[in-house]
Structures are given as structure tokens and as C-alpha cells.
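Asks: Residue numbers (full-length UniProt numbering): 1 to 322. For each residue, glycine too, the CB sits at the ideal point set by N, CA and C.
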Amino acid sequence: MTTTWSKLISRAEKLIGGPSPYINLGNILSSEAGSLASRARRLAGNVNHPFFSTVRSCLRGRYVNNLFSISSAISDRFSKSVTSERPSGGLIILLVGQSYASPTNSTKLCGQHRSISEIFETVHTAVAIHKSLVNLNDLNQNTDDNETWLKNMESCNKLATLSGDVLLASVSTSLAGLHHANVVGVVSEAIGNMMEAEFHELATNLNVSNTNNYNHHIESSIDVNSTVTSNEIYDLSKEKWLSFVQLSRGALLGSCCEAALILTENHISNLSITPTNKIYPDWDNFFSIANNFGSTWACLIRLTEEREHIQRTWRNPFSSTR
1 MTTTWSKLIS RAEKLIGGPS PYINLGNILS SEAGSLASRA RRLAGNVNHP
51 FFSTVRSCLR GRYVNNLFSI SSAISDRFSK SVTSERPSGG LIILLVGQSY
101 ASPTNSTKLC GQHRSISEIF ETVHTAVAIH KSLVNLNDLN QNTDDNETWL
151 KNMESCNKLA TLSGDVLLAS VSTSLAGLHH ANVVGVVSEA IGNMMEAEFH
201 ELATNLNVSN TNNYNHHIES SIDVNSTVTS NEIYDLSKEK WLSFVQLSRG
251 ALLGSCCEAA LILTENHISN LSITPTNKIY PDWDNFFSIA NNFGSTWACL
301 IRLTEEREHI QRTWRNPFSS TR
């Protein structure tokens, strides 16, 4: 399956003329970012905090996915963060942006599409960093230097919070640089939906106190002797899972796909001479299709990630409890 995805990604990158974009580090280089980097270097050698592994993965261009909602103890309980072998969201956005092939497409428009892709990746990186926060009350640290350890962990938590905030601030600047109110509105609403997902019923109920109960429901789905029925499993996962994933994953990818086409439509409408031999689509319907495609794609990828995670857990049932 990995080979198949690699071939598809290679073909897609040829269509867009190069690899998909990631975070534009030039947009976040500032005195604040430099100060945070300096603090991170001082702490990296002394503290084993999820923030550092998350940042390393992101800087290597590897797409980080926390399989469950608010990271920390929950993600550690089920699995470590995994990196996806599938196409990045940024690549999907570029493909959608160029799905309407037009001889009038310009270098400026392609640059705007890449900016939208970078915004998508930056938001996801910021959220992943924020989710690397550790609840110190849930950790048992039995060392002689417990006070120093706690202080360093608290510093890493603060560092993760500030780093994520800096990235989100750079997103605001990038959105403003596109000079299109509709794009700003569409993407901003999607970012709000991602934040709303953290307070979704599924996210708030899946905490450390009921993790074992949730895991019991998952494992019972294949246990013929279990007292939990298939209907109970279905009720637990279907609507709540889909609404949660649409908020946490689908909203942003769908909105960024829509934003890419909004920029295309804006570019065409501002041409001094519009080609008369070109049939233009119903843009409003086109926007809706792009949004639905992006949202559905994100939900599909999330579903396959969770399926593969559960399959790995069944093959090695004790790995997730260590």
C-alpha cells in the first residue's frame, strides 16, 4: 500500500510541478521565534517531552497525526503520534486549485495556491504542537530530582503553547496577504471549527478516567464472549465520530480547497480580456464541490489511520499498554 501511495504522490507532484509545500519558515522568522528556538535548544537535552518529537517530525516534512483528540495521556495510551505515508493536505489543495485548467493561470495565482497549502500545513503543525502539552497531574515521576524535572516539563508546556501561538499568528499574516475577504472568512471559520472540535462530546468524554472503558468498547467489537453488543459499538462511533472528524479534520481541508478555487475565480474575473472560447463553471457550485471533496477526503484518511492503528493493536495487543 505504501508503494501505491508513493507512486500516486509522485504523479501528483509532477502535475503541480514539484513537491507539495510545507511551512514557509520565512514567514515565522522573528525575534520571538528566535527566542523560542533558543529556549528549546536548552531544554531538548534534559527533558523527554512530546513537543520535541513533534517539532522534529514537522521540520522533516512528516505529517504528524494524533489518532485521538487531545494528545498527552490519551495519545500515549493508545499509540505514539504516527506519520502519514499518504498525500499531504497541501498536495490535495494544489491539485484542487489546478483542477480548473485554464490558459490564463498565472505565476501569481500558483503562488497564491501554494500560500493556501502552506497555511493548511502551518495550522495543522500548530495544533499538533499544542496537543503535545502534557498534563503533569497524570504523570508519576519517581526521581531524586523531581522538582527540577517538573520545572523543566512546565517550561516545555509553556514553550509548546507559545510556539503553536506563533505559528497561528503567522497564519493570520499570510491570510491577510492574500487580500481576499472571502478567503479569510472561509479559512478562519474552519480554524474555529478545529478549535471547537476540542470541546466536542467525543473529545471531552475521551479522557484519562474513561480511557479503559473506551478501549473496552473497541476490543469488545471482536470478542465473541463480550457482553457489549454490536449496536452499542455502532451508537458509540457513527454520528459522534463523523461530526468530530468533520470539525477537527474535514473543515480545514475542505475550506482550503474551496479557498483555492475562490482565488482562481477572482483571478479570472479580474482579467482585462476574458477568453470567449472558454466555458466557465457555475462557481458557487464548484466551490461547494471542492469543499465537500476536501472534507470527505480528510474523513476517509482519518478512518484508514484509525483502522490501521486498531489492526496493529490486535496484532500486538500489549504494545499500547506499555
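Please classify I74 as buried or exposed, where buried requires at least 16 other C-beta atoms within 10 Å of its C-beta.
Replies: Bear in mind that the predicted position of I74 carries a pLDDT of just 34, short of 50, making it unreliable; the figure below should be weighed with that in mind. By the neighbour-count rule (16 or more Cβ atoms within 10 Å), I74 is buried.
Asks: If distances are taken between C-alpha atoms only, which option among E154, T204, I92, P21 comes closest to C58?
Replies: Minimum Cα distance to C58 is reached at P21.
Asks: Output the distance between the C-alpha atoms of Q112 and R249, rounded to the nearest integer angstrom.
Replies: If you take the alpha carbons of Q112 and R249, they lie about 22 Å apart.
Asks: Counting only the same chain and skipping the five closest in sequence on each side, list residues whose C-beta sits under 7 Å from that of L162.
Replies: Within the same chain, L162 has close Cβ partners L36.
Asks: If you count every other CB in all the chains shown that lies within 10 Å of the CB of H179, and 16 or more means buried, which is it?
Replies: The residue is exposed, with fewer than 16 neighbouring Cβ atoms inside 10 Å.
Asks: Pick out whichever of E147, R11, R39 has its Cα sitting closest to the Cα of I92.
Replies: The residue with the shortest Cα to Cα distance from I92 is R11.
Asks: Where E219 and N135 are concerned, what is the direct C-alpha to C-alpha distance, given to the nearest angstrom?
Replies: Bear in mind that the predicted position of E219 carries a pLDDT of just 45, short of 50, making it unreliable; the figure below should be weighed with that in mind. If you take the alpha carbons of E219 and N135, they lie about 26 Å apart.
Asks: So, is K131 buried or exposed, given that buried needs 16 or more other C-beta atoms within 10 angstroms?
Replies: Result: buried.
Asks: Please state the DSSP three-state secondary structure of H309.
Replies: Helix at H309.
Asks: Go ahead and label M195 buried or exposed: buried means 16 or more other beta carbons lie within 10 angstroms of its beta carbon, across all protein chains shown.
Replies: M195 is exposed by the Cβ-count criterion.
Asks: Just the C-alpha distance for K240 and C299, rounded to the nearest angstrom, thanks.
Replies: C-alpha separation (whole angstroms): 13 Å.
Asks: So, F287 versus E305, is the Cβ gap smaller than 8 Å?
Replies: Result no, Cβ atoms of F287 and E305 do not sit closer than 8 Å.
Asks: Can you name, in chain order, every residue of its own chain whose Cβ lies under 8 Å from the Cβ of N213, other than the five neighbours on each side?
Replies: Its pLDDT being 43, under 50, N213 is placed unreliably by the model, and the measurement read from it follows with that caveat. So the list is empty, once near-sequence residues are dropped.
Asks: Determine the DSSP secondary structure at N146, reduced to helix, strand or coil.
Replies: DSSP places N146 in helix when its eight states are reduced to three.
Asks: Under 8 Å Cβ to Cβ from N210, same chain only, skipping five residues before and after it: list those, please.
Replies: At N210, the pLDDT of 44 sits below 50, so the modelled position is not reliable; the number obtained from the coordinates is stated separately. Answer for N210: no residue qualifies.
Asks: Let me know the secondary structure DSSP gives V47 once reduced to three states.
Replies: Three-state DSSP puts V47 in coil, outside helix and strand.
Asks: Got a sec, what are the start and stop residues for the alpha helix (DSSP H) Q112 sits in?
Replies: From DSSP, the alpha helix (DSSP H) with Q112 extends over 107-130.
Asks: Might you give, ordered along the chain, the residues of its own chain that have their beta carbon closer than 6 Å to the beta carbon of G97, omitting 5 neighbours on each side?
Replies: So the qualifying residues of the chain are H113, A260.
Asks: Have a look at A126 and N48 and give me their C-alpha separation to the nearest angstrom.
Replies: If I take the Cα positions, the gap works out to 20 Å.
Asks: Taking just the CA atoms, how far does F293 sit from L95?
Replies: Going by the C-alpha atoms only, they are around 12 Å apart.
Asks: According to DSSP, is Q246 part of a helix, a strand, or is it coil?
Replies: Residue state, collapsed to three classes: helix.
Asks: Hey, quick one: how far does the alpha helix (DSSP H) through S255 stretch, first residue to last?
Replies: Its alpha helix (DSSP H) spans residues 251-269.
Asks: Under 8 Å by Cβ, that's how I've got S255 and A190 pegged, so tell me the actual separation to the nearest angstrom.
Replies: Their Cβ separation, rounded to whole angstroms, is 4 Å, which keeps S255 and A190 in contact under 8 Å.
Asks: Can you name the start and end residues of the alpha helix (DSSP H) that S188 belongs to?
Replies: Taken as a continuous stretch (DSSP letters only), the alpha helix (DSSP H) holding S188 covers 181-197.
Asks: Using alpha carbons as the reference points, say which of N193, T264, K7 lies closest to L247.
Replies: The shortest Cα separation from L247 among N193, T264, K7 belongs to N193.
Asks: Please work out which residues of its chain come closer than 7 Å, Cβ to Cβ, to R302, disregarding the five sequence neighbours upstream and downstream, and give them in chain order.
Replies: Here the set comprises V245, R249.
Asks: If you draw a straight line from the C-alpha of S115 to the C-alpha of S269, how long is it?
Replies: Distance between the alpha carbons of S115 and S269: 20 Å.
Asks: Taking C-alpha atoms, which residue in P281, T313, H267 lies nearest to S107?
Replies: In the sequence under discussion, the amino acid at residue 107 is Thr, which differs from the Ser named in the question. That would be H267, whose Cα lies nearest to the Cα of T107.
Asks: By the DSSP assignment, the alpha helix (DSSP H) with G18 in it spans what residues?
Replies: Segment: none, G18 is in no alpha helix (DSSP H) and carries neither H nor E.
Asks: Restricting to Cα atoms, I'd like to know which of S243, W314, V186 is closest to A290.
Replies: Residue V186 is the option with its Cα nearest to A290.
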